[in-house]
Structures are given as structure tokens and as C-alpha cells.
Amino acid sequence: MKRVIARLDIKGPNVVKGIHLEGLRVVGSPATLARRYYEEGADELFYQDVVASLFGRSNLLHIVTATAEAGIFIPITVGGGLRTIADIEAALRAGADKVAINTAAVANPGFISEAARRFGSSTIVVAIEAIKDGDDYFAYTDNGRETTGLEVVSWAREAESRGAGEIVITSVDREGTGQGFDLELTRAIADVVNVPVIAHGGAGTTDHIVRVLRDTAAEGAAVASVLHYAARTHETARDTLDASESGNRAFLHTGVRFKEFGDVHLPDIKRSLTQAGVDTREAFAA
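At position 156 of the sequence shown the residue is numbered 156 (our numbering), and the sequence of numbers has no breaks.
Spelled out as C-alpha cells, the structure:
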């Protein structure tokens, strides 16, 4: 069964979004958006602390705990700043079901094996941030800022061999653009590994999500901008923001419409997937 995963990038106490993982703007509160996406039928939530790797720490745990205690009964994945076994233990104790690692895995691939032995492969997700260079894709860390020199297909295979139970592949080139998923990149990974692959980066319309789940072997699509900008048309996307955290909050009050993104909601996505013959869980809301 294919999954639609609501991804919430977190900076401090707020949900933020940018383009190519840069230029972050505040788009809402985690509690409000998590509740909304859960009630609309998201299959999972993916919280990513987008500044944790830069500063060597994560501020997500209280957000994860609040989500888990709020009666949101879908799996939660947490990523960003998880560098040690103790970090993973803390995330799982806070309420996460899975953890996503990138920088720490690149720095020490043995960390994948150690984490998988300790917590089980199904708990360990390896996140790969990919940028195309010529005919090849290479893995990056720190929100696409730091090159690793690793070719993504080889790195995905190694991550699987070391015990990763899932791979999330982000197209940095497409992320936040609304131009559609990089199907070539998705196929390159999903066709060579035997663990679930989640595509992320580029969703701007319902059709983009249908295409990546129907036309590739990806088992899930992680979506962010297309949901957040649709939610901005509702007052729930504007409430309870923490003004003490730096970030471009003025964006919320501009009334700007983004032509790259359709007015897409999770029930629309689920209906379109079903109509396209993609096996997926039914949405909650009409």
C-alpha cells in the first residue's frame, strides 16, 4: 500500500518552508498542521529539524512528544541532528516511531549498522539529499550545502546493506519548486534496493504525486509545500506561532498565491490515487 507522508520542516518552534532547502519562511505551527494532516488522512508525519545538523543539536523532541500525546495515531519519523545512539533513544522515547539519519551516516556508515542492530532496521531511515551533476546524482548533507562525493545509487545500496529499513530520497534541485518529482532519480534508487523508498521534493499538484507513486517503485511520497500553501487559505495555518524565533513570518500575512502549487488537500490526493489504480489508505475527510 502506497503512502502519502506529510513532511514538516521545523526551525525552532515553527514549521518552515523554502526552495532548494534554502530561504526558509514560517508557514504555520507544528501542532496545527500535524492535526490537520492527520485528520485529512496522511499516512505518516515526517518531522525534520532543518538547522539541527548545522548546530549539532535538535529541538524537535518536545514537538514530537506533544504530537504523540495529542491523539495523532499515525507513525512519526524524526530527522535532523541525530548523531548518536543516545540521540535515537531520546527521539524514540519522545514518541517517534522511526528516525532518519543523513550527516551521521555519511560521516560513519557503521552508525547505520549499529543503530539497526540496536533498534531494528524498520526503525532506521537513511535520508539522502541528491543534487544532479551532469548525468549523475551525488549525495549532500546539511540541507544540500555540503557535498559528500558519494554517488547516490551506490550510497543507497550501501545504506541498505548496512541495515537501513527505508530510504528517503530528496531531490534538492526540485525541492520547494512545485515542478514535480524527479522520476529519474526516484527510479534510479527504487529499482535497485529492496527496502521502501520515499520520494521527496517537487510536488506541486495532485498529478505529480500520482505519477511518482503510479509510475515508479517508490512506496511513498513525502509532501510539504503543496499541503502547506493550501492550508494557508485556512485560518488554522496562521495561529499560535512563536514570535521569539527568528524567521520570515511576514510571509503569512502577504496573501501571496503561489502559481507553482495547486489548491491541493490530502483527500484530493487520496481520491486521485485511488482513481489511478494506486493502492492507498482512504482519506478521512471529504
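The beta carbon of each residue, even a glycine, is placed where N, CA and C say it ideally should be.
Closest to Ala42 by CA distance: which of Thr103, Thr77, Gly12 is it? Thr77
Figure out for me which residue from Gly79, Leu266, Glu160 has the closest Cα to the Cα of Val197. Glu160
Range covered by the alpha helix (DSSP H) that runs through Thr123: Neither: Thr123 is in no alpha helix (DSSP H) and is coded neither H nor E.
Distance between Tyr38 and Ala70 (C-alpha atoms, nearest Å): 11 angstroms
Start and end of the beta strand (DSSP E) containing Arg171? Reading off the sequence, residue 171 comes out as Ser, not Arg. Note, Ser171: beta strand (DSSP E), 166-171.
When DSSP labels each residue in this structure, what does Gln48 get in the three-state scheme? strand
Cβ contact (3+ pairs, closer than 8 angstroms) linking the segment 271-281 and the segment 2-16: yes
Cα separation between Tyr229 and Lys17? 10 angstroms
Quick test of your reading: Ala139 and Thr148, contact by CB under 8 angstroms. State the CB separation rounded to the nearest angstrom. 5 angstroms
List the whole-angstrom C-beta distance separating Val50 from Gly80, where the pair is believed to meet the contact cut-off of C-beta under 8 angstroms. 7 angstroms
Along the beta strand (DSSP E) that carries Asp136, what are the first and last residues, could you check? 136-141
With DSSP as the reference, identify every bridge partner of Asp133, one or two as the case may be. Asp136
Are at least three pairs of beta-carbons, each pair with one atom in the segment 177-190 and one in the segment 92-108, less than 8 angstroms apart? no
Identify the residues that DSSP records as bridge partners of Asn14: which are they? Lys11
Helix, strand or coil: which one does DSSP assign to Ala283? coil
Beta-carbon proximity list for Pro75, same chain, < 6 angstroms, skipping 5 on both sides: Glu44, Asp97
Tell me whether Ala96 sits in a helix, a strand or coil according to DSSP, three-state version. coil
Which of the three DSSP states, helix, strand or coil, is assigned to Ser244? Per-residue confidence for Ser244 stands at a pLDDT of 46, beneath the threshold of 50, marking its modelled position as unreliable; the derived number appears in the next sentence. It is coil, neither helix nor strand.
So, for Glu174: in the same chain, excluding its five sequence neighbours on each side, which residues have a beta-carbon less than 6 angstroms away from its beta-carbon? Per the sequence shown, residue 174 should be read as Arg rather than Glu. Within the same chain, Arg174 has close Cβ partners Asp182, Gly201, Gly202.
If distances are taken between C-alpha atoms only, which option among Arg83, Gly95, Asp136, Ala222 comes closest to Ile112? Arg83
Reference Asp87, options Pro109, Asn59, Gly110, closest by Cα: Asn59
Identify, in the order they occur along the chain, each residue of the same chain with its Cβ nearer than 6 angstroms to the Cβ of Val152, setting aside the five sequence neighbours on each side. Ile128, Ala130, Tyr137, Ala139
Assuming Val210 and Leu273 make a contact with CB atoms under 8 angstroms, what is their CB distance in whole Å? 6 angstroms
Considering Leu266, what are the terminal residues of the alpha helix (DSSP H) in which it resides? 266-275
Would you decide whether Gly28 is buried or exposed? Buried here means 16 or more other CB atoms lie within 10 Å of its CB. buried
Indicate the three-state DSSP secondary structure (helix, strand or coil) for Val193 in the structure shown. coil
Suppose you measure from the CA of Glu158 to the CA of Val26; what does that come to, to the nearest Å? 36 angstroms
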